[in-house]
Each structure stands twice: as structure tokens, then as C-alpha cells.
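Asks: Residue numbers (the working numbering): 12 to 232.
1. Can you tell me whether residue 119 is buried or exposed, with buried defined as 16 or more other CB within 10 angstroms of its CB?
2. Among 148, 74, 181 and 101, which residue has its Cα nearest to the Cα of residue 166?
3. At which residue ranges does the segment 79-107 contain complete alpha helix (DSSP H) runs of 4 or more residues, listed in the order of the chain?
4. Out of curiosity, what's the CA-to-CA distance linking residue 42 and residue 18?
5. Of the choices 174, 180, 221 and 142, whose alpha-carbon is the least far from that of residue 204?
6. Less than 8 angstroms between the beta carbons of residue 151 and residue 164, yes or no?
7. Rounding to the nearest angstrom, what Cα-Cα distance links residue 92 and residue 84 in this structure?
8. Since I believe residue 186 is in contact with residue 219 (beta carbons under 8 angstroms), could you give me their beta-carbon distance rounded to a whole number of angstroms?
9. In terms of residue numbering, what span does the alpha helix (DSSP H) encompassing residue 175 cover?
10. Residue 33 and residue 116 - do their beta-carbons sit closer together than 8 angstroms?
11. Between 182, 35 and 188, which lies nearest to residue 175 when the distance is taken from Cα to Cα?
12. Return helix, strand or coil for residue 51, following the three-state DSSP convention.
13. In whole angstroms, what is the alpha-carbon distance linking residue 211 and residue 37?
14. Per the DSSP calculation, residue 149 is bridged to which residue(s)?
15. Using three-state DSSP, classify residue 195 as helix, strand or coil.
16. Would you be able to state if there are at least three C-beta pairs under 8 angstroms between the segment 190-202 and the segment 93-107?
17. Are there 16 or more other CB atoms within 10 angstroms of the CB of residue 11, so buried, or fewer, so exposed?
18. For residue 113, which beta-bridge partners are listed by DSSP?
19. What did DSSP end up calling residue 200 once you bin it into helix, strand or coil?
20. Going by alpha carbons, who is nearest to residue 145 out of 136, 51 and 23?
21. Would the beta-carbon of residue 154 fall within 8 angstroms of that of residue 20?
22. Using the Cβ count rule (16 or more neighbours within 10 Å means buried), how would you classify residue 207?
23. Is the distance from the Cβ of residue 136 to the Cβ of residue 70 below 8 angstroms?
Here it is as C-alpha cells:
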């Protein structure tokens with residue numbers, strides 16, 4: 012792990028001392044997600060209610076620049092210049108390197124059709140079955156750790172050889188034992204758990220972006 016990435020992580024624990032109990036799991040999550048991307052994997056993310064919003068938020072931070080510039084790979088730039096010279100300057104100036112992520116809550120037509128025709132609580136599991144591959148990771152978010160649709164998605168992730176990182180609260184619920192890594196906030200109130208989940212996943216996004224796109228000149232302050 013880069014020294015600059017360690018500074019990003021340390022800043023989280025300085026700002027939110029409550030999360031010191033999760034330090035090992037958060038650090039391990041950065042390493043696992045970075046390895047996923049280096050092996051051409053992707054993230055699948057799911058949750059309900061506020062956690063559904065969090066899953067969309069995470070995708071927004073990963074699929075485009077969060078805080079660092081993400082210059083397109085030279086191979087893409089060369090192909091763009093060769094194949095579409097009339098648009099090359101525009102494409103190269105505006106397109107950015109990406110960290111592939113899919114929120115399983117956003118497929119409205121699929122989830123409503125599947126809920127109507129089959130079983131609503133298997134909507135996420137069905138998508139994991141379709142999207143999940145080796146080297147992928149499911150980010151499973153449940154403040155109780157007991158959301159049925161998130162648990163079912165995590166079980167199918169195991170079938171598909173997809174690793175599971177969970178964000179939970181309370182005692183981690185049933186999701187804890189299904190997870191390769193369980194980042195558990197030891198709070199009972201849902202809204203307080205969610206308030207801690209946000210800086211956790213922001214830091215994961217910052218740290219992984221730095222591992223993939225950063226250099227030692229970043230985050231010096």
C-alpha cells in the first residue's frame with residue numbers, strides 16, 4: 012500500500028475515532044478492492060433505503076474522477092486518434108479512467124419485472140448471478156446486517172466466487188458470517204450507522220483511487 016494511501020486512511024481514524032475498531036477491516040478492504048481492479052474485476056453494490064442511496068453514491072465516486080485526475084490510458088488515446096480523429100481532442104480532454112462499479116438498485120425495469128414475476132427479495136441475487144465473475148466484489152450494505160435481499164445476494168456471491176465486503180451496524184447480523192470482510196459500526200440507531208458508513212466508503216473510494224491513479228506527490232498536506 013502506498014504511503015499516501017496510508018495517510019488517507021489515518022485521516023479517517025483521526026476524524027472519526029469511533030472507527031478505530033474497524034481499522035483492520037477498512038485497510039483490508041482497500042487492499043481487496045485494489046486487487047480486484049488490478050485483475051480487471053468490478054464492484055457490485057446493493058442496499059435498501061438510505062443504503063440504496065449509498066450504493067448509488069459509491070458508483071458515482073468510482074466511475075469518474077473523485078479527487079484525482081484520471082488520464083485515459085495511452086492505448087485508448089491512440090485508438091481514439093486513429094479511429095475518430097474528428098472527436099479525438101474532445102474525447103481525450105473529457106473522458107476519464109474508470110473504476111468499474113454497478114449499483115444493483117438502479118435497474119428499475121428488471122427489478123420490478125422480477126419482483127412481479129418471481130420473488131422480490133431475490134432481485135439483488137438475480138443480478139449477482141448475472142453480473143458476478145471471479146475477481147469481482149459485492150459491497151453488501153445493511154445497517155442491521157439482516158436484510159433478506161442483501162443476504163440472498165451475498166449467498167449467491169459465494170456461489171459465483173465473488174468476494175463479499177459488508178457494511179453493517181449493531182452486531183453485524185447474519186451478513187457478518189457471509190462476508191469475507193465485515194466493516195461493522197457498533198451503533199444501534201440506523202441513522203447513526205449510516206452517518207458512519209458515509210465516511211467509510213468515501214475513504215475506501217479515495218484510497219483505492221489513490222492506489223490506482225495516484226502518486227507520491229498527492230496528499231502531501
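Cβ atoms here follow ideal geometry from the backbone N, Cα and C, with glycine treated the same way.
Small disclaimer: the values here were computed from a predicted structure and weren't measured.
Replies: A quick look at the data gives this:
1. In the chain shown, residue 119 corresponds to position 108, counting from 1. Residue 119 comes out exposed.
2. The residue you call residue 166 lines up with position 155 of the chain shown. Among 148, 74, 181 and 101, the Cα nearest to that of residue 166 belongs to 148.
3. Inside the segment 79-107, DSSP marks whole alpha helix (DSSP H) runs of 4 or more residues at positions 85-94 and 99-105, from first to last along the chain.
4. Counted from its first residue, the chain shown places residue 42 at position 31. Counted from its first residue, the chain shown places residue 18 at position 7. Distance between the alpha carbons of residue 42 and residue 18: 15 angstroms.
5. Translated into positions along the chain shown, residue 204 becomes position 193. Among 174, 180, 221 and 142, the Cα nearest to that of residue 204 belongs to 180.
6. Here residue 151 refers to the residue found at position 140 when the chain shown is read from its first residue. Here residue 164 refers to the residue found at position 153 when the chain shown is read from its first residue. Yes, the Cβ-Cβ distance between residue 151 and residue 164 is below 8 angstroms.
7. As a position in the chain shown, residue 92 is number 81, starting the count at 1. As a position in the chain shown, residue 84 is number 73, starting the count at 1. Taken atom to atom, the span from the alpha-carbon of residue 92 to that of residue 84 is near 13 angstroms.
8. Taking the chain shown and counting its residues from 1, one reaches residue 219 at position 208. Taking the chain shown and counting its residues from 1, one reaches residue 186 at position 175. Taking a contact as a CB-CB distance under 8 angstroms, the pair residue 219 and residue 186 does not count as one, their CB atoms being some 22 angstroms apart.
9. Stepping through the chain shown from its first residue, residue 175 is reached at position 164. Counting along the chain, residue 175 falls outside any alpha helix (DSSP H), though it belongs to the beta strand (DSSP E) covering 174-180.
10. By 1-based counting over the chain shown, the position of residue 116 is 105. By 1-based counting over the chain shown, the position of residue 33 is 22. The answer is no: Cβ separation not under 8 angstroms.
11. Along the chain shown, read from residue 1 onward, the residue named residue 175 stands at position 164. The shortest Cα separation from residue 175 among 182, 35 and 188 belongs to 188.
12. Within the chain shown, the letter at position 40 stands for residue 51. Three-state result, residue 51: coil.
13. Counting from one through the chain shown, the residue named residue 211 turns up at place 200. Counting from one through the chain shown, the residue named residue 37 turns up at place 26. Approximately 8 angstroms, taken between the alpha carbons.
14. For the purposes of this step, residue 149 is identified with residue 138 of the chain shown, where counting begins at 1. DSSP lists 55 and 175 as the bridge partner or partners of residue 149.
15. Mapped onto the chain shown, residue 195 falls at position 184. Shown here, residue 195 sits in a strand according to DSSP, grouped into three states.
16. Short answer: they don't touch.
17. With the chain covering only 12 through 232, there is no way to say anything about residue 11.
18. Taking the first residue of the chain shown as position 1, residue 113 is located at position 102. 55, per the DSSP bridge assignment.
19. In the chain shown, residue 200 corresponds to position 189, counting from 1. Of the three classes helix, strand and coil, the one that applies to residue 200 here is coil, per DSSP.
20. Mapped onto the chain shown, residue 145 falls at position 134. Answer by Cα proximity: 51.
21. Position 143 of the chain shown, counted from the start, is the residue given in the question as residue 154. Position 9 of the chain shown, counted from the start, is the residue given in the question as residue 20. Cβ atoms of residue 154 and residue 20: not closer than 8 angstroms.
22. Within the chain shown, the letter at position 196 stands for residue 207. Flag for residue 207 reads buried.
23. Here residue 136 refers to the residue found at position 125 when the chain shown is read from its first residue. Here residue 70 refers to the residue found at position 59 when the chain shown is read from its first residue. Not closer than 8 angstroms, so no.
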